[in-house]
Amino acid sequence: MMQIRVEKRIVVSKGFNASIRIFTLLLSLVLVGILFAIYGINPLEAYARIFMNAFGSEFGLSETIVKMLPIGLCATGLAIAYKARVLNIGAEGQLILGAMAATWIALYSNIPSSLVGAVMLLAGFAAGALWAAIPAVLKIKLNVNEVITTLMMNYISLELLDYVLTGPWKGPSQRGFPLTDPFPSYARFPLIGGTRIHYYTLILLLVLAIILYVFMSRTRIGYEIKIVGSNPEAARYAGINVSKNILTVMLISGGLAGIAGVGEVAGVQGRLIENISPGYGYTAIIPAWLGGLNPLAALLASFFISGLMVGSDSVQVSLRLRASFVDVFNGMILLFFIGSEILTRYRILIEARGRKIWI
Amino acid sequence: MDIAASILAEAIRSGTPLLLATLGEIYCERSGVLNLGLEGVMTIGALAGFVATLATGSVWIGVFSAMIAGGLFSLIHAFTSISLGANQTVSGLALTMLGTGVSSLIGGKYVGQPLPERLQIFQIPVLSEIPLAGGFFVHDPIVYFSIVLSIMMWFILFKTRIGIIIRTIGEKPEAADAAGVNVHLVRYLCVLSGGFLGGLGGAYVTLFYTPFWKEGIIRGRGWIALSLTIFSLWNPLGSIIGAYLFGGVEVLQFYLQEYRVPASLLRTLPYFTTILVLTTGSIGFMRKRLGAPAALGKPYRRES
Amino acid sequence: MTTNENYLVEMRGIVKRFPTVTALDSVDFKVRVGEIHALLGENGAGKTTLMRILYGMYRPDAGEIFIEGRKVSIGSPRDALRMGIGMVHQHFMLVDRLTVLENIALFLEGGLRIPFNEIRNKIMELSETYGLKINLDAKIWQLSIGEQQRVEILKTLYRDVRILILDEPTSVLTPLESEDLFKSIKKMANTGKSIILITHRLDEALKASDSITILRKGRVVAADIKPSEASRIDLVSMIVGKVLEFKPKAGEVIKEAKPVLEVDDLRVLDDRGIVAVDGVSFVLREGEILGVAGVAGNGQRELVEAITGLRKVAGGSIKMFGVDVTNSPPNKIIKMSVAHIPEDRLRYGVATELSVSDNLIMKLHKRFSRGVFMDNKAIGKEAERLIQEFEIVTPSANAPVNMISGGNIQKLIIARELSIKPKILIASNPTSGLDVASTNYVHWVFHRLRASGSSILLVSEDLDEILSLSNRIIVMKNGRIVKEFDRNVTVNEIGLAMAAGEAYDERMRNKVSGA
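Protein chains in written order, with my numbering: chain A, 93 to 451; chain B, 88 to 391; chain C, 486 to 1000.
Now the structure itself:
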């Protein structure tokens, strides 16, 4: 008879935690590798190509960074929201709203050209934050589950985007395609020579990640957010305003996603298009958790996930692989990751034929 | 058939996948497990049903395969949330990613293929001629089945020992444990049946409602079903009302188009309605007594 | 292997280890047929753990169990029930939203159909035989605690158990209800059932049982003692071991001191929206300890939550230091130097994923910040100081709270609440789950706090605690204050007030409000 027992772990080392996370990643790679093999693709070859394409060349690396910008911005914000146990799934919609706000500033406002860049960023932040504020207020006032409302807001923002692109904002010079006119050059973010990296956003991302890290680990509000996330009842008992903290993390995470949207229109596309985000807001959920809800670690994880996306994009044609395998991979990582979290909190004892094995 | 009846019939048709998925989720949540992976489960079911029908030429084999696929797929969530005691919200999200990802990976080559057979409509004579109410009697077998199922599931949940056990496990699992019930087993079975019905709901979309396969064909129905679960106050009979109301909203879009309202804005109607429904389901004093099962989302482990 | 046929239950050499402690260390335990056997010991002595092993909820790490001389393996409560072993837990295993009948039906084995009529008839018969009255169609949340206990007992009797384990059955009952319970138990023993009574109350064991086994720190210190032959003093020292007893002096009744907390005609609803506190008025004066006695669930929890700002007040007013604080948010009340030791320590008291030091400064986190930043150095120092002073056992100040034991969590909470140097302390069952030494320490600290001029509202189910500390005592029943006593009162008098309580007149109310 085999028996499995679970006991609380008394001492947890940081090294053990980190190794579990890495093990999780490897396990997902192996399983997706099996999936490759089923499709008749040599997994080792596929991974080698993905890796080389993502990190092995100057072009690949720069493309990885281009993707890391929106994913990283969303992920660092989400990490903080999740730390407060506010499950914002709406980064995608918040990103789109940010992009729309920037587009309005670039094309329809009369702001002096020298200020347009800064105003776009501010407007993008505000739009994303406001879009996130709706579910936040519903949660605070009426206890409405934010997972579903933020998700519905994503669907709504997609239709809103479709509406402006097919209606009022459709570029007169675009021959009926659902695109806006290109932004004037003063509303475009400058690029690092020879790449598509819009360095305004890159600098902003790095600075914000560090600020958020310090914010969470050193400041009073960060402390309050952690208490709210661990036990909202205890937070209330300790005189902490739970609603205010929920609103704060929603505004921050929504605002950061909004900035990500600004970067996409002003830095990458130079106009608003239907497919402004191939699901960056959803993808960002993974690095947020993978980084253990730590903003800096989430940034690092974003870099990795972005590399995976770039690498897989480029092997799509050569290996005839659909890009959606990245979704599969992401789903698996996330499952294994939260599944393996149990190992950091509990020891598992397997007893079989008188022998005991501790995990 | 009069116009009112045909609108009702349309509403029922578009509400049926929601009804099936909601019924499954009600049992799942009544046993204390929140499955946010419903969107993924439905997508898997939609594809499995479509592919099996293409392969065998039999729509019923398709239906059956969809249920099996949905059930097996939801077992992943059962394992992480019940056996491992992991965060159910995140596990459900991961399941949705995995489900939509896997189906678009596998489903690529089926895009645009025509279905050899569709579910047949069985119009019930005489009854279908009744004004308005006739809208209930012009459907395929799955619609009839889903209505009968709602009533059966209501009866089981509130009138039988199995129902008492499920409700106890969702409220106070240690009480069921003390009575000698295997809490984890019952939760597994509830998640499994949620998977069966989610898969069936997905298959209803690809085998009848919009009989083809494309990526994202479920279009948020899984999430809508999740909010209907709350709206119905975890009661299978309530879910009938909720699902058809939603079906009605979707039908309404087509009728409103005549008034030259932009299509994209009309398409937001179900999503706004979901938020509204969720909000009304979340307020009110009754929520304390009729609200979510007390142990919803909490893993059960005996050792304290 | 043979064993004495007289014993219905025999447990031999039972060992149970938990990650941090050995809960049971080679314990032997025997019960005869038709005997009421008291399993006596302090909180944490291992009584419940031992019985959970007998009931199949825990697996022992070593040891054997014999039922009627036959060696058995009890893998689950289901197994236990089939062998005729039933248990009524301290926290009832009842589902609030189900009816009594449904709760009993859950407990039966059988097919899909529920034989409601059969159950009804048999329950009627059982409640007749043992004097356990119950309304089968009521929902559990509509019942009093005493009634709920009856449902629990009936559940096990329905399964024809021969061995019935009762875990601290009187802790939630009034003295009168306890009397009724003991009568029922006696009847059961007379029909040949064996009853195991888990208790930490010596008097109860002496009065109600045929035989006593005493556990201390996971070991049997005395077995099969006949109550008639036992010496009280010996038993006490066996239960608690050697401890230095701190005997606090109950304070004088203070009439002149100015009021610090004035509660007037307070009405508070519980989670279900039912009136839990129904027109309560009292005054807490500077430098006094006001004891609030009463059986748990009579509105004490809601009263405390209303005073500390955690629950909305439906009517009446609360004043602190002359300022109206009715429906003020918790942080405003904390700012007035009001500390709160909550009844439900895991619900309110701690954020378990965070470190011991983070939890220790939870109430004062604003004081431990410089500008927007937290002052980690000062926090570390304060944490070390409190850990030492209150002897909180933890791997380190940075270890998460979910790694320390329940008793140490309670010490952590008390340390934190006292660290804010409260002018008013609202304490709910402050010493539950603490060992004797820690309990004494807490009592000493309360004593010192009062001496320094602070006031304490002491809500406790432990009448000895209330009697030994309070200047005055009020008794709550059904959300009302039914009686006020000064300190010259006996446990029996308070007990009587806790049980009666229906008689409530205006005169009493005026007297209590100190008007």
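Just so you know, even glycine gets a beta-carbon here, dropped at the ideal spot from N, CA and C. The structure displayed is predicted, hence computed values, not measured ones.
Are residue i and residue j closer than 8 Å when you measure CB to CB?
i        : j        : result
C/Leu642 : C/Leu586 : no
C/Ala565 : C/Val500 : no
C/Gly498 : C/Glu771 : no
C/Ser612 : C/Leu639 : yes
C/Met496 : C/Leu539 : yes
C/Glu773 : C/Ala742 : yes
C/Met542 : C/Asn783 : no
A/Met244 : A/Trp223 : no
C/Ile570 : C/Val646 : yes
C/Phe853 : C/Ala863 : yes
C/Pro915 : C/Ile899 : yes
B/Gly285 : B/Ala108 : yes
C/Ile877 : C/Val841 : yes
C/Asp750 : C/Gly764 : yes
C/Met859 : A/Tyr315 : yes
C/Ile958 : C/Thr793 : no
Provide the residue(s) that pair with residue i in DSSP beta bridges, ordered along the chain.
i        : result
C/Pro885 : C/Ser840
B/Tyr331 : Paired residues: none, contrary to the question.
A/Leu283 : A/His290
C/Pro600 : Per DSSP, none; premise fails for C/Pro600.
C/Thr507 : C/Arg502
C/Leu746 : C/Leu769, C/Met805
C/Thr698 : C/Leu524
C/Glu549 : C/Arg497
C/Ser854 : C/Met859
C/Thr684 : C/Leu525
C/Lys624 : C/Thr584
C/Glu969 : C/Ile959
B/Lys246 : B/Lys246 is not bridged to any residue.
On a Cα-Cα basis, can you pick out the residue from the options that is closest to residue i?
i        : options                                : result
C/Asp947 : C/Phe767, C/Pro744, C/Ala781, C/Arg786 : C/Ala781
A/Asp273 : A/Gly321, A/Lys262, A/Gly403, A/Gly359 : A/Lys262
B/Thr297 : B/Ala350, B/Gly257, B/Gly136           : B/Gly136
C/Thr507 : C/Phe577, C/Glu613, C/Lys692, C/Lys702 : C/Lys702
A/Tyr255 : A/Ile284, A/Leu364, A/Leu179           : A/Leu364
B/Arg205 : B/Thr143, B/Ser237, B/Leu123           : B/Thr143
A/Ala380 : A/Arg113, A/Gly107, A/Leu271           : A/Arg113
C/Ile697 : C/Lys817, C/Thr534, C/Gly794, C/Gly526 : C/Gly526
A/Gln408 : A/Gly107, A/Ile133, A/Ser277, A/Ala173 : A/Ile133
B/Leu180 : B/Ile193, B/Leu125, B/Phe223           : B/Leu125
C/Glu664 : C/Ile648, C/Ala761, C/Gly631, C/Thr837 : C/Gly631
A/Phe143 : A/Met401, A/Ser416, A/Met424, A/Asn422 : A/Met401
Say whether chain E places a C-beta atom closer than 8 Å to the C-beta of residue i.
i        : result
A/Val236 : Of the protein chains in the structure, A, B and C, none is chain E.
I want to know whether the segment 200-216 of chain A touches the segment 360-377 of chain A - three or more CB-CB distances under 8 Å. no
Please determine if the segment 166-173 of chain B and the segment 149-157 of chain B are in contact, where contact requires at least 3 C-beta pairs separated by less than 8 Å. no
Closer than 8 Å is the cut-off here; do at least three beta carbon pairs connect the segment 260-277 of chain B with the segment 561-577 of chain C? yes
Taking three-plus beta-carbon pairs below 8 Å as touching, is the segment 319-333 of chain A in contact with the segment 839-858 of chain C? yes
For the pair the segment 233-244 of chain B and the segment 98-114 of chain B, tell me if three or more CB-CB distances fall below 8 Å. yes
Per the contact definition of three or more C-beta pairs closer than 8 Å, is the segment 821-836 of chain C in contact with the segment 301-313 of chain A? no
Along the segment 408-426 of chain A, what residues have a CB closer than 7 Å to any CB found in chain B? Arg414, Ser416, Phe417, Asp419, Val420, Asn422, Gly423, Met424, Leu426
Does the contact criterion of 3 or more C-beta pairs under 8 Å hold for the segment 214-224 of chain B versus the segment 155-167 of chain B? no
Chain-ordered residues of the segment 239-258 of chain B with a beta carbon less than 7 Å from chain C: Thr247, Arg248, Ile249, Ile251, Ile252, Arg254, Thr255, Glu258
Give me the subset of the segment 246-269 of chain A whose CB atoms are less than 8 Å from a CB atom of chain B, sorted by chain position. Tyr247, Ile248, Glu251, Leu252, Asp254, Tyr255, Thr258, Gly259
Name, going along the chain, the residues of the segment 573-604 of chain C whose beta-carbon falls closer than 9 Å to a beta-carbon of chain B. His574, His576, Phe577, Met578, Leu579, Val580, Asp581, Arg582, Leu583, Glu587, Asn588, Ala590, Leu591, Phe592, Leu593, Glu594, Gly595, Gly596, Leu597, Arg598, Ile599
Give, in chain order, every residue of the segment 261-287 of chain B whose Cβ lies closer than 9 Å to some Cβ of chain C. Glu261, Ala262, Ala263, Asp264, Ala265, Ala266, Gly267, Val268, Asn269
I'd like to know if the segment 343-363 of chain B and the segment 303-317 of chain B are in contact, where contact means that at least 3 CB-CB pairs between them fall below 8 Å. yes
When Cβ atoms are compared, which residues of the segment 292-318 of chain B fall closer than 9 Å to chain C? none
Does the contact criterion of 3 or more C-beta pairs under 8 Å hold for the segment 426-434 of chain A versus the segment 180-196 of chain A? no
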